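S.K.: In the working numbering, the protein residues as written are 70 to 406.
For every residue, glycine included, the Cβ atom is placed at its ideal position computed from N, Cα and C.
Remember, it's a predicted structure, so these values are computed and weren't measured experimentally.
Have a look at this one before I ask anything.
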Ligand code: PEP
Ligand code: MN
């Protein structure tokens, strides 16, 4: 349930409600809005009398919550969340673009790419140092060496660094270098990993599993939020279907459907969604038009030489052209780049 406090309710009355919630074995999560505070009471206790809470000082009303994911739901948290990353943000009026290679290859290419994507308007650099590969014999990433190259690229450009963490035991290591921790599609339901990133403060970019429903995606977000980390960005990256002309099937409708259900920022990865560089700019435009708060895009200076995912990587001119076109789409939906 949600306890909606009166506007201007005192800190004392908020603390009192939270104590009462905890006394009956539920978790109390206050959400401090600009006008009023609401307190989410979370847990598995059904049939509690809502009236008991309505009588407490400072309480305006008590609302039973229907959404099974409480902290992620728009029903509980009516103001859209803005996730701040190093002076930039996801979820406001500005569209945030994260761009870079699929995988970190060497220091020079990483810095070259960072400089270019920054000049074209990206706010963050992506690149995997730990790669979750389907084939165990495929390149698995440069690991800590790759993280160091990403950090060097951040020093050279001021871009925030977004990189994937594939195991709970690597969270401390990756968080030492990254500004945003990415949870990949293959790990969307790695619950110990979700809990581990929920227990540290860096923002998390959570990608949709390739066969996950929207509810499963939001439950995965809830794992992170319920461990204390409120900075979660959701990423639609396409799902598996019978269609084989594209690497995955990008569900554009998922963007507004997610935004109807959650306050968390929603971004789209048109690279993994389509698998073909020619399809990336049109689907990126569609994503922004549909209300996405940002994009995650693979860019490589020489896609034909990329170690991983060259076919879906944009080269520099293509990325620049795409960014210019996106600015016009953003304007049409009252956003800016
Ligand atoms: C990635 O973005 O680097 C990646 C591996 O994508 P996904 O987890 O969506 O397959
Ligand atoms: Mn990739």
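1) What is the residue span of the alpha helix (DSSP H) that residue 328 lies within?
2) Look up residue 188 in the DSSP assignment and say whether it is helix, strand or coil.
3) Report buried or exposed for residue 208, applying the criterion of at least 16 other Cβ atoms within 10 angstroms of its Cβ.
4) Would DSSP call residue 367 helix, strand or coil?
5) Any heavy atom of ligand 3 inside 7 Å of the beta-carbon of residue 349?
6) With distances taken between CB atoms, is the gap from residue 148 to residue 102 smaller than 8 Å?
7) Identify every run of the beta strand (DSSP E) within the segment 347-392, keeping only runs that are complete inside it and at least 3 residues long; order them along the chain.
8) Taking 8 Å as the cut-off, decide whether the C-beta atoms of residue 474 and residue 219 are in contact.
9) Spatial neighbours of residue 384 within its chain, please: C-beta separation below 6 Å, excluding the five flanking residues on both sides.
10) Alpha carbon to alpha carbon, how far is residue 310 from residue 281? Give it in angstroms, no decimals.
11) Does residue 339 pass the burial test, meaning 16 or more other C-beta atoms within 10 Å, or should it be called exposed?
12) Could you check whether the Cβ of residue 369 sits closer than 7 Å to any heavy atom belonging to ligand 1?
13) Which residues share a DSSP beta bridge with residue 251?
14) Using the beta-carbon count (16 or more within 10 Å), is residue 248 buried or exposed?
15) Using only alpha-carbon positions, find the residue among 236, 389, 278 and 283 that is nearest to residue 265.
16) Can you tell me which residues fall inside 5 Å of ligand 1, judged by beta-carbon distance to its nearest heavy atom, and keep chain order?
17) Could you check whether residue 191 and residue 167 sit closer than 8 Å to each other, using their CB atoms as the reference points?
18) Check residue 344 in the structure and name its three-state DSSP category.
19) Starting from residue 200, trace the beta strand (DSSP E) both ways and give me its first and last residue.
20) Would you decide whether residue 314 is buried or exposed? Buried here means 16 or more other CB atoms lie within 10 Å of its CB.
21) Does the separation of the CB atoms of residue 94 and residue 112 fall below 8 Å?
22) Would you identify the three-state DSSP class for residue 78, choosing helix, strand or coil?
23) Using the Cα positions of residue 388 and residue 239, report the straight-line distance between them to the nearest angstrom.
M.R.: Reading off the structure:
1) 323-330
2) helix
3) exposed
4) The DSSP-derived three-state label of residue 367 is strand.
5) For the structure depicted, ligand 3 is absent and the ligand set comprises only ligand 1 and ligand 2.
6) yes
7) 363-367
8) Since the displayed the chain opens at 70 and closes at 406, residue 474 lies outside it and no answer follows.
9) 372
10) 12 Å
11) Flag for residue 339 reads buried.
12) No, Cβ of residue 369 sits at least 7 Å from all heavy atoms of ligand 1.
13) Looking at the DSSP assignment, residue 251 forms a beta bridge with 233 and 274.
14) buried
15) 236
16) Every residue whose beta carbon comes nearer than 5 Å to a heavy atom of ligand 1 appears here in chain order: 197, 253, 254, 276, 306 and 341.
17) yes
18) Residue state, collapsed to three classes: coil.
19) Neither: residue 200 is in no beta strand (DSSP E) and is coded neither H nor E.
20) exposed
21) yes
22) coil
23) 32 Å
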